[in-house]
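**Student:**
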Amino acid sequence: MTPPPTGPPVDLRSDTVTRPDARMREAMARAEVGDDVLDGDPTMRALEEEVAGLLGTEGALWVPSGSMGNLIALCVHLDRGDRFLAPDRAHILDHEVGTAAWLAGGMPRALPWTAGPGAISPADITRAVGRGGPYFALRDRLLCLENTHNAAGGTVTTPPEHRRLTDAAHAAGLLVHLDGARLWNAAVALGVTPAELAEGADTVQVCLSKGLGAPVGSVVAGDRAFVEEARRVRKMLGGGVRQGGVLAAAGLVALERVDRLAEDHDHARLLAAGLADRGWQTGVPRTNILVLPVDDPPRTVSVLAERGVLTVPTDTGVRMITHCDVSRADILRAVESFPPPG
Numbered sequence: 416m417t418p419p420p421t422g423p424p425v426d427l428r429s430d431t432v433t434r435p436d437a438r439m440r441e442a443m444a445r446a447e448v449g450d451d452v453l454d455g456d457p458t459m460r461a462l463e464e465e466v467a468g469l470l471g472t473e474g475a476l477w478v479p480s481g482s483m484g485n486l487i488a489l490c491v492h493l494d495r496g497d498r499f500l501a502p503d504r505a506h507i508l509d510h511e512v513g514t515a516a517w518l519a520g521g522m523p524r525a526l527p528w529t530a531g532p533g534a535i536s537p538a539d540i541t542r543a544v545g546r547g548g549p550y551f552a553l554r555d556r557l558l559c560l561e562n563t564h565n566a567a568g569g570t571v572t573t574p575p576e577h578r579r580l581t582d583a584a585h586a587a588g589l590l591v592h593l594d595g596a597r598l599w600n601a602a603v604a605l606g607v608t609p610a611e612l613a614e615g616a617d618t619v620q621v622c623l624s625k626g627l628g629a630p631v632g633s634v635v636a637g638d639r640a641f642v643e644e645a646r647r648v649r650k651m652l653g654g655g656v657r658q659g660g661v662l663a664a665a666g667l668v669a670l671e672r673v674d675r676l677a678e679d680h681d682h683a684r685l686l687a688a689g690l691a692d693r694g695w696q697t698g699v700p701r702t703n704i705l706v707l708p709v710d711d712p713p714r715t716v717s718v719l720a721e722r723g724v725l726t727v728p729t730d731t732g733v734r735m736i737t738h739c740d741v742s743r744a745d746i747l748r749a750v751e752s753f754p755p756p757g
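In structure tokens form, the structure reads like this:
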């Protein structure tokens with residue numbers, strides 16, 4: 416019988432549960448600020464310029480959340496009734512409460528994973544795009560990619576694979592938006608720069624609050640015309656901030672910590688290996704997400720919570736995400752808390 420847990424739970428529900436440390440809180444407290452809606456906030460500008468440089472874009476705009484960043488891109492790119500394509504189970508399809516249709520007015524089409532978990536092929540894009548037709552036919556306007564692909568277990572798309580997809584989309588007359596909520600993880604896993612992973616995308620969104628420790632914030636980036644319009648749409652959605660430098664300061668500290676994501680990837684592999692040793696069927700995580708297939712996900716999540724390990728259910732299993740607030744000792748404790756399979 417597993418003994419009752421001691422100490423705080425091991426929280427593997429998401430890499431968004433991280434808390435800002437003392438250094439980040441100090442940076443927030445000391446941030447130089449201004450009114451970002453009226454005449455600009457200097458710390459916010461510094462963060463946006465830093466991210467634009469990292470992504471290789473002309474400009475960037477801070478937003479409160481990744482979901483808002485994605486929504487802004489869709490609002491700018493789509494006219495009402497336009498169709499957009501995305502890999503099946505993409506976050507923008509399944510986990511943003513339908514705002515792509517409700518607010519951006521887009522008609523989604525999910526493309527099946529024909530090139531591996533979370534992955535589509537250039538041929539999928541070419542086949543999916545409508546060719547002519549009567550005036551009442553759907554008009555394809557946009558391809559939305561996701562790197563890493565959350566629901567597929569944090570799988571990554573390499574720069575050559577990404578560029579083949581963007582080339583196919585542009586050849587078919589589509590714009591491309593990249594949901595890079597965990598693009599930092601993909602870059603670290605592949606040993607490439609974020610700009611290499613964003614090349615070919617017309618717009619890209621990256622999160623600062625997933626694994627990097629910032630309490631809030633994402634950035635959406637593109638050319639100067641896009642950023643100018645994105646600022647207007649952000650205001651429409653209630654995302655204008657005043658002394659936003661307090662939050663941007665946390666983002667600047669977070670960007671200094673991208674390289675430490677490799678530790679989270681190591682911990683995810685340690686978790687998978689430990690569960691395999693206990694008889695569970697696991698793959699090798701590419702980044703910091705492990706989806707463990709189980710017969711009854713809600714029940715398994717409940718049992719683990721009673722044993723001091725917090726996870727979330729998926730359609731087919733239990734999802735666990737490692738992050739900066741989870742230590743190697745926490746991972747080993749989580750492994751020991753798992754019941755036998757079957």
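Sequential numbering of the sequence shown, starting at 416, is according to the numbering used here.
Built from N, CA and C at the ideal position, the CB exists for glycine as well.
1. What span of residues does the beta strand (DSSP E) with LEU462 cover, start to end?
2. List the endpoints of the continuous beta strand (DSSP E) containing ALA505.
3. Between which residues of its own chain and ASP436 is the CB-CB distance below 8 angstroms, once the five residues before and five after are set aside?
4. Where does GLN696 land, buried or exposed, given buried means 16+ other C-beta within 10 angstroms?
5. Among GLY694, ILE746 and VAL619, which residue has its Cα nearest to the Cα of GLU760?
6. Can you tell me whether ASP582 is helix, strand or coil according to DSSP?
7. Would DSSP call VAL668 helix, strand or coil?
8. Determine the DSSP secondary structure at MET416, reduced to helix, strand or coil.
9. Looking only at C-alpha atoms, which of CYS739, ALA749 and ARG748 sits nearest to ARG434?
10. Figure out for me which residue from GLY626, LEU589 and GLY637 has the closest Cα to the Cα of GLY471.
11. Residue range of the beta strand (DSSP E) that ASP555 falls in?
12. Suppose you measure from the CA of VAL448 to the CA of LYS650; what does that come to, to the nearest Å?
13. Using the three-state DSSP reduction, which class does CYS622 fall into: helix, strand or coil?
14. What residue from THR715, LEU486 and VAL432 has the CA that sits closest to GLY757's CA?
15. My guess is that LEU598 and PRO609 are in contact by the Cβ rule of under 8 angstroms, so how many angstroms apart are they, rounded?
16. Expressed to the nearest angstrom, what Euclidean distance is found between the alpha-carbon atoms of VAL706 and ALA567?
17. Per DSSP, what kind of secondary structure is GLY481 in: helix, strand or coil?
18. Can you check which of these residues, ARG578, THR618, GLN658 and GLU671, is closest to GLY626 by C-alpha distance?
19. So, PRO630 versus ALA664, is the Cβ gap smaller than 8 angstroms?
20. Under 8 angstroms between the Cβ atoms of VAL634 and ALA461?
21. Please classify ALA604: does DSSP put it in a helix, a strand, or coil?
22. Under the three-state reduction of DSSP, which class applies to GLN696: helix, strand or coil?
23. Locate the alpha helix (DSSP H) running through ALA437, then write down its first and last residues.
24. For MET416 and ALA525, I'd like the C-alpha separation in whole angstroms.
**Tutor:** Reading from the atomic positions:
1. It is not in any beta strand (DSSP E) - LEU462 instead sits in the alpha helix (DSSP H) that spans 457-470.
2. Segment: none, ALA505 is in no beta strand (DSSP E) and carries neither H nor E.
3. GLY628
4. exposed
5. Residue numbering for the chain in the displayed model covers 416 to 757; residue 760 lies beyond these limits and cannot be assessed.
6. helix
7. helix
8. Note that MET416 scores a pLDDT of 49, beneath 50, so its modelled location is shaky; the value from the coordinates is reported in the next line. In the structure shown, MET416 sits in coil (DSSP, three-state: anything other than H, G, I, E or B).
9. CYS739
10. GLY637
11. 555-561
12. 19 angstroms
13. strand
14. THR715
15. 5 angstroms
16. 8 angstroms
17. helix
18. GLU671
19. no
20. no
21. helix
22. coil
23. 437-445
24. For MET416, the predicted model reports a pLDDT of 49, less than 50, meaning its position is unreliable; a value from the coordinates is still stated below. C-alpha separation (whole angstroms): 45 angstroms.
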